[in-house]
Amino acid sequence: MSPEWRDTVVQLAYLAASVLFIFSLKWMNSPASARRGVWAGVWAMVLGVGGTLLNPAVAVSSLPWIALAVMVGGLIGVPLSKVPLTAVPQRTALSHAFGGLAAGLVGTAKYYLWTHEGGENLTTFRMFAIAAEVILGFLTFTGSLMAAGKLQEILPGRPITYRGQLIVNFLTLGGAIACGVGLLINPQWTFLFPILIILALAFGVMLIIPIGGADMPTVIALLNSYAGLSAVAMGFVLDNTLLIIAGALDGSSGLILSIVMCKAMNRSFSNVLFGAFGSVQADTGAAAGATVKSATPEEAAEIMEQADTVVIVPGYGMAVAQAQHRVRELYDQLIKRGINVKFAIHPVAGRMPGHMNVLLAEADIPYEDLVEMDEINPEMPQVDVVLVLGANDVVNPAAKNNPKSPIHGMPIIEADRAKTVLAVKRSMKPGFAGIDNELYTMDKTLMVFGDAKAVVGDMAKTLAGDSGMH
Amino acid sequence: MMTPILAAAAPAGLGAYIPLIFVFILATFIGLDVIRNVSRLLHTPLMSLTNAISAIVIVGAILVAGPQIGDEHPLWISILGLIAIAAASVNIVSGFLITNRMLKMFKSRKPEDKA
Chain V
4 MSPEWRDTVV
14 QLAYLAASVL
24 FIFSLKWMNS
34 PASARRGVWA
44 GVWAMVLGVG
54 GTLLNPAVAV
64 SSLPWIALAV
74 MVGGLIGVPL
84 SKVPLTAVPQ
94 RTALSHAFGG
104 LAAGLVGTAK
114 YYLWTHEGGE
124 NLTTFRMFAI
134 AAEVILGFLT
144 FTGSLMAAGK
154 LQEILPGRPI
164 TYRGQLIVNF
174 LTLGGAIACG
184 VGLLINPQWT
194 FLFPILIILA
204 LAFGVMLIIP
214 IGGADMPTVI
224 ALLNSYAGLS
234 AVAMGFVLDN
244 TLLIIAGALD
254 GSSGLILSIV
264 MCKAMNRSFS
274 NVLFGAFGSV
284 QADTGAAAGA
294 TVKSATPEEA
304 AEIMEQADTV
314 VIVPGYGMAV
324 AQAQHRVREL
334 YDQLIKRGIN
344 VKFAIHPVAG
354 RMPGHMNVLL
364 AEADIPYEDL
374 VEMDEINPEM
384 PQVDVVLVLG
394 ANDVVNPAAK
404 NNPKSPIHGM
414 PIIEADRAKT
424 VLAVKRSMKP
434 GFAGIDNELY
444 TMDKTLMVFG
454 DAKAVVGDMA
464 KTLAGDSGMH
Chain F
544 MMTPILAAAA
554 PAGLGAYIPL
564 IFVFILATFI
574 GLDVIRNVSR
584 LLHTPLMSLT
594 NAISAIVIVG
604 AILVAGPQIG
614 DEHPLWISIL
624 GLIAIAAASV
634 NIVSGFLITN
644 RMLKMFKSRK
654 PEDKA
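Below you can see the structure in the form of C-alpha cells.
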C-alpha cells in the first residue's frame, strides 16, 4: 500500500469507529438494545486500534511490546470486570484513574519528545493542549484513586477538612495553571513541566479529601467527565479526530450524569466540590425524645400481607448489607399474593448513578418494576405500605418541611405521604448527613431494627411459612 | 485531517486547528443529546461503557510507543507509551466485560409472571 492509501484507510477506520461509538451510546437508551451498544463499542475499539497499527509511524519492531502491554492490561482488566456489583462504584473510580494516568503519560511523552526534537513542532496551541491534557489526566488519576479508596473504605469516608483548605486547593490548581502559562510563553522552560505534574497530582488528592460518601455519585460522574476531556485534549495534541470525538462523548456523558446528580440533591457543582457537606453540623429539627414505634420483621410481614400496593425504597444500606437477593424473595412472596410491588429509585441512592437499578437487576427483579422518583411521588397517597430499606436522607421529609435543614429543597421520595411506613434500620443513628429523620417518629411509621439482609430474609420467611398453612 | 498536517509544517496559530475545534463542538452536541436519552435504569452500565470508550486514548499511547527507538525517539518515551497502553487496556477489557455482564441482568417481566 502506498502511504497515501494507507493514510486514507486509517482515516476511514477512524470515521467508522467514531460512528460506531455514537451508536454504542445511542443504543443505551433502552435495556432491549443496550447489549448491541456494547458490541458497537467493541468494534469501534477494534477499528480504532487496528487503524492506528497501520500508521507508518508504528515500527514493526514495536508490535510485540505493544501486544505485551495490551496483555498485561487485559490480565488486570479481567478480574476487575468480575467484582461484586456492590463494588462497582470503586471499580468505576479505579478505571477513571487508569484513564487519567494513560492520558497524563501520553501528554508527558509528547512534550519531552517535541522538546527533544528542538521544539519546532511544539506550537503554542499544542503546548496549550498538552498542559490541559496533563493537568486533567493527572488530577483525574490521583482524584479517582482517592475516590476508589474512600469507596472501598481503605480511606476514611468522612470528609477531611482543615482551616484554609479552599485557599490551599486554589493555590495548588493556580500553581499548576501558572506553570502551564509559563510553558505557553516558552515551551523550552522544561523545569516547569515536572512542577506542573506534581501540582496536578497533588490537586487531585486535595480535591477529593473534603468530599463525603454521599457525594460520591456526583464526584464519580465529574471524574468521568474529566477523563473524557483529557482524551479530547490528547486528540488536539495528536491532531486525531477519533480521540476528540470519543473524548467529547465521554466528557458530555460525565457532565450530564453530574448534572442529574446535582439536581437530585438540589445542589450546585461548587457546593458539592467545595461544600464539605458531611461536616455541616445539622440543626436537628426534630424534637428530642420523640417516641419511636417498632415492630418485629414478622409483624411487618403481616402488615405487608394486608396491603394492595407496596413500594420499596432501597438505599445504600441495602447494598452494604448485600440484601438484594432477600429482597427478591420478599418480592416473590408479595407478588404471589397479587400485591402490586414497585421499587422507588432516587437518583442519588447508592454510591454511583444507577447503582440501585443494577443491584436489583442482579436479583432478577424485572426492570418494569423499578420506578423513578418523579413517577412514584404522585401515587404515594394511594400506597398502602412503603418499605424503606437502608435509605435515609432521600426519604427525609425535612427536605420539604424544614427550611433550616441542610438538605432543604432536595427532591425526595415522599414516603411520608403513604398510609403506612416500615423503615428497616440498624439503629436510630442519623444518616450520612447527620440529620434526624422525622419520618421515623411519625405516627404511621414502624421501625424494624436490624441488619437489612436478616430482616428482609425473616419477612420473606414469615410470608413463605404463612402461605404453606393456607 | 489535511489542515492539521499542514499546520505541523507551518506552526502558525490557532487557525489551523479550527476544523478540529468544529469536530469537538459538534461531537459534544451529539454526546449531550445521545446521553440525555439514555435510560436512567442504565446509568451505571453507561458509566462503565464510557470508561471503555474513553480508553480510546490507547490510540495516542500506541503512537507514542510505536516509533523505532533511536536518537530521535528515546527508549523511555516508548516505556511511558507502553505503560499508557497497559492502563488503557485495563479499561477496554474490564469496561466492556462488566458492561455486558450488568446488561445481561436487566430482564423484562416475563408474560407468565403477570398472572
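Chains V and F, in that order, give the protein sequences. For the working numbering, add 3 to where a residue sits in the first sequence, where the first one is 1. For the working numbering, add 543 to where a residue sits in the second sequence, where the first one is 1. Don't be surprised by glycine CBs; every beta carbon is placed ideally from N, CA and C.
Output the distance between the C-alpha atoms of residue i and residue j, rounded to the nearest integer angstrom.
| i | j | result |
| --- | --- | --- |
| V:Arg38 | V:Ala47 | 14 angstroms |
| V:Ser408 | V:Asp461 | 35 angstroms |
| V:Pro6 | V:Pro59 | 8 angstroms |
| V:Glu441 | F:Ala570 | 47 angstroms |
| V:Leu66 | V:Glu123 | 28 angstroms |
| V:Gln284 | V:Glu120 | The pLDDT assigned to V:Gln284 is 40, lower than 50, so where the model puts this residue is not dependable; a value taken from the coordinates is nonetheless given after this. When rounded, the distance between both Cα atoms is 57 angstroms. |
| V:Tyr334 | V:Ala418 | 19 angstroms |
| F:Met544 | F:Pro562 | Unreliable placement is indicated for F:Met544, whose pLDDT of 43 sits below 50; the coordinate value is still reported in the next sentence. Their backbone Cα atoms lie some 8 angstroms apart in a straight line. |
| V:Phe196 | V:Phe239 | 19 angstroms |
| V:Ile368 | F:Leu584 | 12 angstroms |
| V:Gly207 | V:Phe141 | 7 angstroms |
| V:Asn243 | V:Gly53 | 15 angstroms |
| V:Lys345 | V:Ala352 | 16 angstroms |
| V:Val22 | F:Leu646 | 22 angstroms |
| V:Asp286 | V:Gly412 | For V:Asp286, the predicted structure reports a pLDDT of 42, less than 50, and the residue's modelled location is therefore unreliable. A value from the coordinates is still provided. Each residue's alpha carbon lies about 15 angstroms from the other. |
| V:Val109 | V:Arg354 | 31 angstroms |
| V:Ala289 | V:Asp439 | A caution first: V:Ala289 carries a pLDDT of 44, below 50, which makes its placement in the model too unreliable to give a value. |
| V:Asn274 | V:Ala205 | 21 angstroms |
| V:Ala455 | V:Pro406 | 31 angstroms |
| V:Ala322 | V:Arg420 | 25 angstroms |
| F:Ala552 | V:Cys182 | Residue confidence is low: F:Ala552 scores 46 on pLDDT, short of 50, so the model does not pin down where it sits. No coordinate-derived value is stated. |
| V:Gly185 | V:Ala106 | 21 angstroms |
| V:Ser147 | V:Lys153 | 10 angstroms |
| F:Leu640 | F:Leu575 | 25 angstroms |
| V:Glu378 | V:Leu252 | 29 angstroms |
| V:Gly177 | V:Ile138 | 11 angstroms |
| V:Asn3 | V:Leu88 | Examination of residue 3 of chain V is not possible in this model, given that chain V is present from 4 through 473 alone. |
| V:Leu245 | V:Asn404 | 50 angstroms |
Based on Cα-Cα distance, which residue from the options lies nearest to residue i?
| i | options | result |
| --- | --- | --- |
| V:Ile188 | V:Gln155, V:Phe101, V:Thr127, V:Leu204 | V:Thr127 |
| V:Val451 | V:Lys422, V:Leu108, V:Val391, V:Lys464 | V:Val391 |
| V:Pro400 | V:Asn380, V:Gln385, V:Asp387 | V:Asn380 |
| F:Ile568 | V:His99, V:Phe206, V:Val263, V:Val235 | V:Val235 |
| V:Ile306 | V:Val386, V:Val137, V:Leu108, V:Cys265 | V:Val386 |
| V:Val222 | V:Leu260, V:Ile248, V:Gly250 | V:Leu260 |
| V:Glu371 | V:Met219, V:Leu176, V:Met413, V:Ala347 | V:Ala347 |
| F:Ser582 | V:Ala463, V:Val388, V:Val458, V:Val374 | V:Val374 |
| V:Leu202 | V:Thr145, V:Met383, V:Pro159 | V:Thr145 |
| V:Gly51 | V:Leu186, V:Lys403, V:Gln14 | V:Gln14 |
| V:Val61 | V:Thr111, V:Leu142, V:Val41, V:Arg9 | V:Arg9 |
| F:Ile612 | F:Gly624, F:Val602, F:Ile601 | F:Gly624 |
| V:Val41 | F:Tyr560, F:Ile626, F:Thr593 | F:Thr593 |
| F:Met648 | V:Ser256, V:Leu252, V:Thr465, V:Glu365 | V:Glu365 |
| V:Ala90 | V:Ala421, V:Leu362, V:Val171, V:Asn274 | V:Leu362 |
| V:Val75 | F:Ser637, F:Ser621, F:Ile641, F:Val633 | F:Val633 |
| V:Glu474 | V:Val45, V:Met359, V:Leu337, V:Val314 | With chain V running from 4 to 473 in the structure shown, residue 474 of chain V is simply not present. |
| V:Leu425 | V:Ile410, V:Ile415, V:Met445 | V:Met445 |
| V:Met149 | V:Leu97, V:Glu332, V:Arg429 | V:Leu97 |
| F:Ser597 | V:Val63, V:Thr95, V:Pro220, V:Met359 | V:Thr95 |
| V:Ile212 | V:Lys113, V:Ala19, V:Val171, V:Ala135 | V:Val171 |
Assuming residue i contacts residue j under a Cβ cut-off of 8 angstroms, what Cβ separation, rounded to an integer in Å, is found between them?
| i | j | result |
| --- | --- | --- |
| F:Ile599 | V:Ala249 | 4 angstroms |
| V:Gly393 | V:Tyr319 | 6 angstroms |
| F:Ala608 | F:Ala631 | Contact doesn't hold; Cβ gap of about 11 angstroms is too wide. |
| V:Pro350 | V:Met376 | 7 angstroms |
| V:Val388 | V:Val313 | 5 angstroms |
| V:Pro1 | V:Val458 | With chain V covering 4 to 473 only, the question about residue 1 of chain V has no answer from this structure. |
| F:Ala629 | V:Ala72 | 4 angstroms |
| V:Lys296 | V:Leu449 | 5 angstroms |
Check whether the Cβ of residue i lies closer than 7 angstroms to any Cβ atom in chain A.
| i | result |
| --- | --- |
| F:Gly603 | In the displayed structure, chain A is absent; the protein chains listed are V and F. |
Mind checking the stretch 578–595 of chain F against chain V and listing, in chain order, the residues whose C-beta falls within less than 8 angstroms of any C-beta there?
Ile578, Arg579, Asn580, Val581, Ser582, Arg583, Leu584, Leu585, His586, Thr587, Pro588, Leu589, Met590, Ser591, Leu592, Thr593, Asn594, Ala595
For the stretch 326–358 of chain V, list every residue whose C-beta sits within 9 angstroms of some C-beta in chain F, in sequence order.
Ile338, Ile348, Pro350, Gly353, Met355, Pro356, Gly357, His358
Check each residue of the stretch 382–408 of chain V: if its Cβ is closer than 7 angstroms to any Cβ of chain F, include it; give the result in chain order.
none
Members of the stretch 564–576 of chain F near chain V, C-beta cut-off 7 angstroms:
Val566, Phe567, Ala570, Thr571, Ile573, Gly574, Leu575
Scan the stretch 128–188 of chain V and note each continuous alpha helix (DSSP H) run of 4 residues or more that stays entirely inside, going in chain order.
168–188
Give, in chain order, every residue of the stretch 75–99 of chain V whose Cβ lies closer than 9 angstroms to some Cβ of chain F.
Val75, Gly76, Gly77, Leu78, Ile79, Gly80, Val81, Pro82, Leu83, Ser84, Lys85, Val86, Leu88, Val91, Pro92, Arg94, Thr95, Leu97, Ser98, His99
Closer than 8 angstroms between beta carbons: that is the criterion. Which residues of the stretch 615–631 of chain F meet it against chain V?
Glu615, His616, Pro617, Ile620, Ser621, Leu623, Gly624, Leu625, Ile626, Ala627, Ile628, Ala629, Ala630, Ala631
What residues in the stretch 140–165 of chain V have a beta carbon less than 8 angstroms from any beta carbon of chain F?
none
Quick one, which residues of the stretch 224–253 of chain V are near chain F if we go by CB-CB under 9 angstroms, in chain order?
Ala224, Asn227, Ala230, Gly231, Ser233, Ala234, Val235, Met237, Gly238, Phe239, Val240, Leu241, Asp242, Asn243, Thr244, Leu245, Leu246, Ile247, Ile248, Ala249, Gly250, Ala251, Leu252, Asp253
Curious, which full-length alpha helix (DSSP H) runs of at least 4 residues does the stretch 552–605 of chain F contain?
561–579, 586–597
Closer than 7 angstroms, Cβ to Cβ, to anything on chain F: give me those residues from the stretch 57–73 of chain V, in chain order.
Asn58, Ala60, Val61, Ala62, Ser64, Ser65, Trp68, Ile69, Ala72, Val73
Fully enclosed by the stretch 326–356 of chain V, which alpha helix (DSSP H) runs are 4 residues long or longer?
327–339
Positions along the stretch 192–213 of chain V whose CB lies within less than 9 angstroms of some CB in chain F
none
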